[in-house]
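Everything on this sheet refers to the single structure shown next.
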Amino acid sequence: MIHNRGEVSEENIEKVNTIIKELGYKPNIFARNLALNKQYNFAVLLPDVELQEYWKAAVNGVDKAEDELSAFGVSVTKYFFDPYNPESFREQANKILLSVPDGLAVSPILNDDFQEFVMECNALKIPFIFIDTNISTYKPLSSVGQDARASGYMAARLLSYGSTDGAFLILTIAKKIDNHSHFSERIKGFKHYFAEHLTSESTIQELTGLDDLNLDAKLNEAFSSKKVKGVFVPNSRVHKIAAYLKKNDIQKIRLIGYDLIEKNCEYLQNGFIDFLINQKPEEQGHQAIRLLHNSIVLKQSIDLMYQMPLNIVVKENLTNF
């Protein structure tokens, strides 16, 4: 009767529905899927881990979730693209569209190729979740990541702790097609803090478009013209600034950036990086797959944003992460 099979009087149906409501009965999705031998395949689209070390931890999280859910008919297919080659992204995106997975976890990019990919996913009714970045205009099922603007605000507070007097640099080391909105949101948060706490003795300078070819020349100019107190790098390439400080024996400058990749951890331990903001990429990858499972397999409602904590890492607590 619960499954609407057979002929049952309206009176009995009403009685049973009342009991169901009182007891809070819910159908056993696991049992139903096992009986139907239902299989679900989720796709994951991320930058190549050999080109961007940060994503290795996220993949570990994805693998962990797949292991946990494999007994319930869930499998995960991973696709990797070269973040500096648009054709590589298009090739991997097309593979996903041809396979029509039951769900998708992806790190979004701000460009036309990604927008077209999202539109194709919507047309094929492929639900998706964002990892690391939230772009709400694309209407994902959910997004997993930090509040980027809040993290930039916090970075400014840490750099200026004790006094906002002096020069503070924002250094963005990124290739031209690094079209990730969370970089700009972090910078907005950083500037917002100083807009609230700026004094006549404090200045903010932002340098963008830095790369390996022009980095030393740009930094020589920036550090020679001002008494720099702190440097904010809104991505994981903060180790490049630390290497410059070490090479030129520049001390007493606070330096903050993101992510516990190997080179960043080395410079944190030897004192050239003061703070790292840990985004917990392994947990992001793990949660993205779990959320797909909860929404698509279990038919549960999920939050539009799964917000990661703003973990501050210093050399004294690095071993805890």
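Each residue of the sequence shown is one higher than the one before, starting from 900 at the first, in this note's numbering. By construction, the Cβ of each residue, glycine as well, lies at the ideal position given by its N, Cα and C atoms. The structure displayed is predicted, hence computed values, not measured ones.
Residue environment, residue i, which counts as buried when at least 16 other CB atoms sit within 10 Å
| i | result |
| --- | --- |
| G1170 | exposed |
| M1018 | exposed |
| A881 | For residue 881 there is no data in the structure shown, the boundaries of the chain being 900 and 1220. |
| N1177 | buried |
| E965 | buried |
| S1041 | buried |
| T1218 | exposed |
| F1220 | exposed |
| L1203 | exposed |
| Q1183 | buried |
| T1032 | buried |
| G1108 | exposed |
| L1208 | Per the sequence shown, residue 1208 should be read as Pro rather than Leu. By the 10 Å Cβ count, P1208 comes out exposed. |
| E1084 | buried |
| Q938 | exposed |
| Q1199 | exposed |
| Q951 | buried |
| L997 | exposed |
| L1112 | exposed |
Whole-number beta carbon distance between residue j and residue i, since they are thought to touch under 8 Å
| i | j | result |
| --- | --- | --- |
| S1124 | Y1157 | Incorrect: roughly 26 Å between the Cβ atoms, too far for contact. |
| K1214 | Q1150 | Contact doesn't hold; Cβ gap of about 15 Å is too wide. |
| V961 | I1188 | 6 Å |
| V973 | F941 | 7 Å |
| L1191 | I1028 | 6 Å |
| R1201 | N1210 | A quick correction: the sequence has Ile, not Arg, at residue 1201. In fact, because the Cβ distance is near 23 Å, the residues do not count as touching under 8 Å. |
| L1197 | A1121 | The Cβ separation is near 52 Å, so there is no contact. |
Span separating the alpha-carbon of residue i from that of residue j
| i | j | result |
| --- | --- | --- |
| L1070 | K1162 | 18 Å |
| A956 | A1055 | 27 Å |
| G1030 | A1004 | A small fix is needed here, since residue 1030 is Ile in this sequence, not Gly. Straight-line Cα distance between these residues: approximately 7 Å. |
| V943 | Y978 | 6 Å |
| A934 | R1153 | Only weak support is given to the placement of A934: the predicted model assigns it a pLDDT of 42, under 50, and the question is left unresolved by the model. |
| F1082 | P1000 | 30 Å |
| Y1205 | P1180 | 13 Å |
| D947 | S1050 | 25 Å |
| L968 | L1097 | 51 Å |
| L1058 | G1129 | 6 Å |
| I1034 | D1173 | 30 Å |
| I1076 | N936 | Residue placement at I1076 is flagged as unreliable, the pLDDT there being 43, under the threshold of 50; the coordinate-derived value follows with that caveat. Whole-angstrom Cα-Cα distance: 43 Å. |
| K1087 | A1047 | 9 Å |
| V975 | W954 | 16 Å |
| P1039 | L1106 | 32 Å |
| K1024 | A1073 | 34 Å |
| N1216 | Y1166 | 14 Å |
| F1013 | S1099 | 43 Å |
| F988 | F1131 | 30 Å |
| A970 | K963 | 13 Å |
| P985 | V1043 | 24 Å |
| Y1037 | L1159 | 29 Å |
| Q1104 | I1155 | 15 Å |
| V1212 | E990 | 37 Å |
| A1116 | A1022 | 48 Å |
| I995 | L1114 | 38 Å |
Unbroken beta strand (DSSP E) run spanning residue i, endpoints
| i | result |
| --- | --- |
| S1255 | Within the shown structure, residues of the chain are numbered from 900 to 1220, placing residue 1255 beyond reach of any answer. |
| Q1206 | M1204 to Q1206 |
| A1073 | No beta strand (DSSP E) contains A1073, which DSSP labels as neither H nor E. |
| G848 | It is not possible to answer for residue 848, since the shown part of the chain is limited to 900 through 1220. |
| L1175 | F1174 to N1177 |
| K1128 | V1127 to F1131 |
Where the alpha helix (DSSP H) through residue i begins and ends
| i | result |
| --- | --- |
| A956 | Y953 to L968 |
| R989 | P985 to S998 |
| R1293 | Past the edges of the chain, shown from 900 to 1220, lies residue 1293, and the structure says nothing about it. |
| E1105 | Careful: E1105 lies outside any alpha helix (DSSP H), inside the beta strand (DSSP E) at S1101 to L1109. |
| V948 | No alpha helix (DSSP H) contains V948, which DSSP labels as neither H nor E. |
| Y1143 | V1137 to K1146 |
| N1210 | Counting along the chain, N1210 falls outside any alpha helix (DSSP H), though it belongs to the beta strand (DSSP E) covering N1210 to V1212. |
Contact test: residue i Cβ vs the ligand PLP heavy atom, cutoff 7 Å
| i | result |
| --- | --- |
| I1072 | What this structure holds is no ligand at all, so the ligand PLP is not there to describe. |
Note to self: Would you call the segment 1055 to 1063 in contact with the segment 1089 to 1099, where contact means no fewer than 3 C-beta pairs closer than 8 Å?
What the structure shows: Contact between the segment 1055 to 1063 and the segment 1089 to 1099 is present, with at least three C-beta pairs closer than 8 Å.
Notebook entry, point to check: Would you call the segment 996 to 1011 and the segment 1133 to 1148 touching, i.e. three or more CB-CB distances under 8 Å?
Noted result: Result no; under three Cβ-Cβ pairs closer than 8 Å.
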